[in-house]
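For the record, the sequence lines run as chains A and B.
Positions in the first sequence are counted from 1; adding 5 to them yields the numbering used here.
Positions in the second sequence are counted from 1; adding 3 to them yields the numbering used here.
Where is the CB? At the ideal position from N, CA and C, for every residue including glycine.
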Amino acid sequence: EAGVAQSPRYKIIEKRQSVAFWCNPISGHATLYWYQQILGQGPKLLIQFQNNGVVDDSQLPKDRFSAERLKGVDSTLKIQPAKLEDSAVYLCASTPRPGIQYFGAGTRLSVL
Amino acid sequence: SQQGEEDPQALSIQEGENATMNCSYKTSINNLQWYRQNSGRGLVHLILIRSNEREKHSGRLRVTLDTSKKSSSLLITASRAADTASYFCATGGYSGGSNYKLTFGKGTLLTVNP
């Protein structure tokens, strides 16, 4: 069974630029999560999708971050414009039911 | 906000020794999970313990849960150099009725020296 796929693995941009991350969850997993992990900390939930609907985006900085999950499969997370403090690893996870989450390898973003 | 707090923040041991990591949390939970993260990689699920369970084993892993103290511990026995990684506890619960989510702690960095 293929795991959660994320791309790109690394991205370096300058502040005020835009960036997008892509996630393909495990086939059949209805729930998809995006997390932000700052160096030395644990993952922090940004947004949760159930199929193609948002169920929790309370911690998403909506003035600069946006996410969508068209057709309830792939998802993209966008930052526009990026700030220095957005430097982090962005993790995508999926799950078929409440419980264990399956994570992708993440995208490491550096904002200069 | 981070629900779980791991202790210690960093742990360095010799191969063959046991490693114990602790996690404390603040609110009621449905379950508690432990994940491992190797440097530069995603998180891998290790073990899940439900709120009505007190102890669980999986290979060289032993997890305990004390809901009265809101704490959990992860024991790795006979550690190996390959166990070097960051270990995170995550509390699982429902918010807003049916919305299940995990809240992660800051993690313990375990180094196992050959």
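Please report the straight-line C-alpha distance between Q12 of chain B and L112 of chain B, rounded to a whole angstrom. Whole-angstrom Cα-Cα distance: 6 Å.
List the residues of chain A whose Cβ lies closer than 9 Å to the Cβ of K73 of chain B, in chain order. Contact annotation for K73 of chain B against chain A: no contact, minimum CB-CB distance about 17 Å [criterion: below 9 Å].
How would you list, in chain order, the residues of chain A whose beta-carbon sits under 8 Å from the beta-carbon of N102 of chain B? Result: Q53, V60, D61.
Excluding five sequence neighbours on each side, which residues of the same chain lie with their C-beta closer than 6 Å to the C-beta of V94 of chain A? Within the same chain, Cβ atoms closer than 6 Å to the Cβ of V94 of chain A are found at Q42, G111, R113, the five residues on either side in sequence being excluded.
Just curious, the beta strand (DSSP E) that R113 of chain A is in, first and last residue? Segment 112-116, the beta strand (DSSP E) holding R113 of chain A.
Taking G45 of chain B as the reference, give the member of A:D91, A:V116, A:C97, A:D79 with the closest Cα. G45 of chain B has its Cα closest to that of A:C97, out of A:D91, A:V116, A:C97, A:D79.
Residue burial classification, L75 of chain A (beta-carbon count within 10 angstroms, cutoff 16): Per the 10 Å Cβ criterion, exposed.
Taking all protein chains shown into account, do 16 or more other C-beta atoms lie within 10 angstroms of the C-beta of G99 of chain B, making it buried, or fewer, making it exposed? Answer is exposed; the Cβ neighbour count stays below 16.
Using a 10 Å radius around the Cβ and a threshold of 16 neighbouring Cβ atoms, would you call Q17 of chain B buried or exposed? Burial call: exposed.
When DSSP labels each residue in this structure, what does S4 of chain B get in the three-state scheme? Residue confidence for S4 of chain B is low, a pLDDT of 47 falling below 50, so the modelled location carries little weight; the figure read from the coordinates is stated next. In the structure shown, S4 of chain B sits in coil (DSSP, three-state: anything other than H, G, I, E or B).
Evaluate D91 of chain A with the Cβ neighbour count: other Cβ atoms within 10 Å of its Cβ, from every protein chain shown; 16 or more gives buried, anything less gives exposed. Flag for D91 of chain A reads buried.
Whole-angstrom distance between Q11 of chain A and D27 of chain A, CA atom to CA atom: Inspection of the sequence shows that residue 27 of chain A is occupied by Trp rather than by Asp. Linking W27 of chain A to Q11 of chain A through their CA atoms gives a straight-line distance of about 6 Å.
Give the secondary structure of A7 of chain A by DSSP, where H, G and I count as helix, E and B as strand, and everything else as coil. Coil, per DSSP.
Here's the rule I'm using: 16 or more other beta-carbon atoms within 10 Å means buried, otherwise exposed. How should P30 of chain A be labelled? Under the 10 Å beta carbon count, P30 of chain A is surrounded by 16 or more other beta carbons and is classified as buried.
Would the region 64-76 of chain B and the region 26-42 of chain B be scored as touching if the rule is three or more Cβ pairs under 8 Å? Touching, yes.
Would the beta-carbon of L89 of chain A fall within 8 Å of that of K20 of chain A? Cβ atoms of L89 of chain A and K20 of chain A: closer than 8 Å.
I'd like the span of the beta strand (DSSP E) that includes K16 of chain A, first residue to last. Note, K16 of chain A: beta strand (DSSP E), 15-18.
Starting from R39 of chain B, follow the beta strand (DSSP E) in both directions and report where the run begins and ends. Per DSSP, the unbroken beta strand (DSSP E) holding R39 of chain B starts and ends at 34-40.
Y38 of chain B to Q85 of chain A, Cα distance in whole Å? CA-to-CA, the gap between Y38 of chain B and Q85 of chain A works out to about 31 Å.
Which residues of chain B have a Cβ atom closer than 7 Å to the Cβ of Q41 of chain A, listed in chain order? For Q41 of chain A, no chain B residue has a C-beta closer than 7 Å to its own C-beta; the minimum C-beta separation is roughly 11 Å.
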